[in-house]
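Here's the structure we're looking at; comments come further down.
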Amino acid sequence: MFDASVYTDRRNRLRNEVKSGIILLPGNPEAAYNYPANTYHFRQDSNFLYFFGLAHPDLAGVIDIDNNKDYIFGNDVDLDDIIWMGPQPLMADRAAKAGVTNTAPYKDLFDFVQEAKSKGRKVHFVPPYRGETYMLLEELTGIPFKDVKQNASLELIRGIIKLRSIKDKYEIAEIEKAVGIAYEMHTTAMRMAMPGRVEREISGRMEGISLALGNPVSFPIILSIHGETLHNHYHGNTLVEGRMMVADAGAETEMHYASDITRTMPVGGKFNQRQKDIYEIVLEANMKSIEATKPGIPNRDLHMLAARVIVDGLKNIGLMKGNTEDAVREGAHAMFFPHGLGHMMGLDVHDLEGLGENYVGYDEEIKRSTQFGTAFLRLGKRHQPGYVFTIEPGIYFIPALIDQWRSENKFMDFINYEKVERFKDFGGIRIEDDILVTDTGYRVLGKPIPKTVAEVEAVMSDPL
Ligand code: GLY
Ligand code: MN
Ligand code: MN
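Quick note: to get the working numbering, add 15 to the position in the sequence shown (first position is 1).
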């Protein structure tokens, strides 16, 4: 945990944002995997972690704004628990680590919230994402679970987003640690990406590195020689020469901060000319949008910049044609780049997304596009110093999408379908880094992970 004062300060700043009432932040319970006593790896709720720091199940935090008090509700362990789990600190000692002096048994939360409600005080909560929390909120507030989400507090959502979006130096250090673990994961993948290997041998090794150096991975690993499927979690293919392997994977540190890195490598260790041609375009889109990062620039503009670089590059090798600006404005690039440039990152790999993607990524000034491709951009608004986000352009040859657009004669002025046909066996390429917005520009976080053709080939020349 960070120092107790960090959590006290965060709660006080949240009070100033929300102004009145009580803020209810339920921690997560254990979640059953295939029967009640066999649970998933426990992961605390990120809002609870941010404001109360404790990574144990069955806790709830309350910030009583009107009376300037903070509470943690949770039970001390009994002898049975100690027999199975070993000695545990008392709740009061745990809470003290988060700067909280008021603790009470979990069941007291119900009377506490009831009393606040009976006095007409507002009970602020954020949209839940687990069934157990929906049920808890229904029980606590009396709001039927179907209506719970739409009764979430907008003041609280906006307040949390404002605070958590700006990372402090301790958080940035944690994220850099997470990228450091990702360095080990990705360079290992490069060294293992040899013909004859099965994908899961590599994804399993990567997952083990995250576990050995921190926590389980920050999201299920995407690793495939079919990188044209954007979120490919099937790891049963055997690697064959001539294919690119996309590895999109990040670690979570002991303090629960994420990294999210993608590298794409040629199976066998040497790029052929066609692979190099496409790779260099994606790399340029990645680097140009990183270099353009600075406070005040809308992330939507970085996305559009990456799209223009991709169109220019594809024109150079004859896959696209026509005026670049027009092609991007009309959305023709999205056949090759059908997703957004990136998203916020922090305690959640898509940071804060559970509070509502449009609240996190858009605002009064910058609204989400409805155009295929650009509509999937999770973060459009202007950057501020302290934002941490991903830059992850890609080029993909998705046979079903190519066939569909071609059958509709879509964007015939911009896409050279004859030539694209010959790339239907290519797969995909994505290159992703984690970026901090500084006062004057940007910093790519963590130990640099090889990404130029020469750097990737150099790592792969020493196979594992
Ligand atoms: N979690 C996959 C990605 O956003 O890169
Ligand atoms: Mn990723
Ligand atoms: Mn990402």
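Built from N, CA and C at the ideal position, the CB exists for glycine as well.
For residue 478, report the span of its alpha helix (DSSP H) as first-last. No alpha helix (DSSP H) contains residue 478, which DSSP labels as neither H nor E.
Closer than 8 Å by C-beta to residue 80: which residues in its own chain qualify, once you throw out the five before and the five after it? Chain order, please. 30, 33, 34, 35, 36, 37, 38
Please state the DSSP three-state secondary structure of residue 423. coil
By C-beta, the residues closer than 7 Å to any heavy atom of ligand 2, given in chain order: 237, 263, 265, 275, 276, 277, 405, 407, 447
For residue 290, count the other beta carbons within 10 Å of its own beta carbon; 16 or more makes it buried, fewer makes it exposed. Which is it? buried
Does the beta-carbon distance from residue 113 to residue 185 come in below 8 Å? no
Is the beta carbon of residue 105 less than 8 Å from the beta carbon of residue 95? no
Cα-Cα separation, residue 320 to residue 372: 22 Å
Return helix, strand or coil for residue 358, following the three-state DSSP convention. coil
Using 8 Å as the threshold, is the C-beta distance between residue 197 and residue 464 below it? yes
Could you tell me which whole alpha helix (DSSP H) segments of length 4 or greater appear in the stretch 131 to 157? 146 to 156
Would you list the one or two residues that DSSP bridges to residue 84? 79
Considering only the beta carbon of each residue, do residue 392 and residue 315 sit closer than 8 Å? yes
Any heavy atom of ligand 1 within a distance shorter than 7 Å of the CB on residue 234? yes
Taking the beta strand (DSSP E) that residue 409 belongs to, which residues open and close that run? 409 to 411
To the nearest angstrom, how far is it from the Cα of residue 235 to the Cα of residue 135? 43 Å
Candidates 409, 431, 383, 418: which alpha carbon is nearest residue 246's? 409
Residues near residue 438 by beta carbon distance below 6 Å, same chain, minus five either side: 412
For residue 187, report the span of its alpha helix (DSSP H) as first-last. 184 to 207
Whole angstroms is fine: what's the gap from residue 267's alpha carbon to residue 191's? 11 Å
Determine the DSSP secondary structure at residue 119, reduced to helix, strand or coil. strand
Measure how close the beta-carbons of residue 238 and residue 273 come, nearest whole angstrom, since I'm counting them as under 8 Å. The Cβ separation is near 17 Å, so there is no contact.
Residues of its chain near residue 414, where Cβ-Cβ distance is below 6 Å and the 5 sequence neighbours each way are ignored: 439
Reference residue 89; option with closest CA among 99, 75, 101: 75
Quick test of the definition: if touching needs 3 or more C-beta pairs under 8 Å, does the stretch 139 to 157 touch the stretch 354 to 363? no
N- and C-terminal bounds of the alpha helix (DSSP H) containing residue 432: 432 to 436
Out of 425, 377, 286, point me to the one whose CA is closest to residue 5's CA. Because residue 5 is not part of the residues shown, which for the chain are 16 to 479, the question remains open.
Residue range of the unbroken beta strand (DSSP E) whose run includes residue 93: Per DSSP, residue 93 belongs to no beta strand (DSSP E) and is neither H nor E.
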